[in-house]
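Before any comments, here is the structure.
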Amino acid sequence: ANSPPPLWRAYAAMEQRDGRFRSAMEKWGKAVMLQPGEGRSVMHYAELVRHYGDGVVAAMKVIRAWLDTTDPRKDYAGPKAVTYGQLVVMLAELEEKVNGTGRARALLEHELEKYAMYVAKEGEQD
């Protein structure tokens with residue numbers, strides 16, 4: 585049986601504080617795998633993949649995978665809204681480094697349009 589994700593997150597955070605970054609990356613990866621909806625783990629994992637794993641492009645894939653499986657209708661308004669926004673910003677910054685400002689701008693505009701559509705739909709329900 586799999587261990588509970590909070591144990592993996594605690595272990596990952598401890599390894600990271602101790603400067604054991606490759607070990608921390610593996611533990612965050614395990615936490616993400618066991619609890620895919622938990623965006624804060626994704627942020628840590630992506631950052632470590634960027635610096636100690638397969639690099640920027642791999643980190644972008646980690647973030648994109650999370651955004652693709654996250655429902656903005658729930659996540660823009662719920663407790664995950666801040667995490668969702670932070671991951672979009674993180675991805676935009678990486679996108680800018682790798683592919684230039686145009687791609688980063690397109691990503692942000694796309695997310696802002698999604699958000700505007702969601703807010704408009706919410707207003708209609710009142």
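Under the numbering used here, the first residue of the sequence shown carries the number 585, and numbering increases by one thereafter.
Glycine included, every Cβ here is placed at the ideal spot set by N, Cα and C.
Of the candidates GLU693, GLY669, ALA688, LYS614, GLY669 places its Cα closest to the Cα of LEU651.
Where ARG604 is concerned, there is no enclosing alpha helix (DSSP H), because DSSP gives it neither an H nor an E.
Boundaries of the alpha helix (DSSP H) harbouring GLN670: 665–683, taken from the DSSP string. In the displayed model, GLY637 falls within coil according to three-state DSSP, outside both helix and strand. Across the structure, GLU631 and MET609 are spaced so that their CA atoms are roughly 9 Å apart. Annotated three-state conformation of GLU697 is helix, per DSSP.
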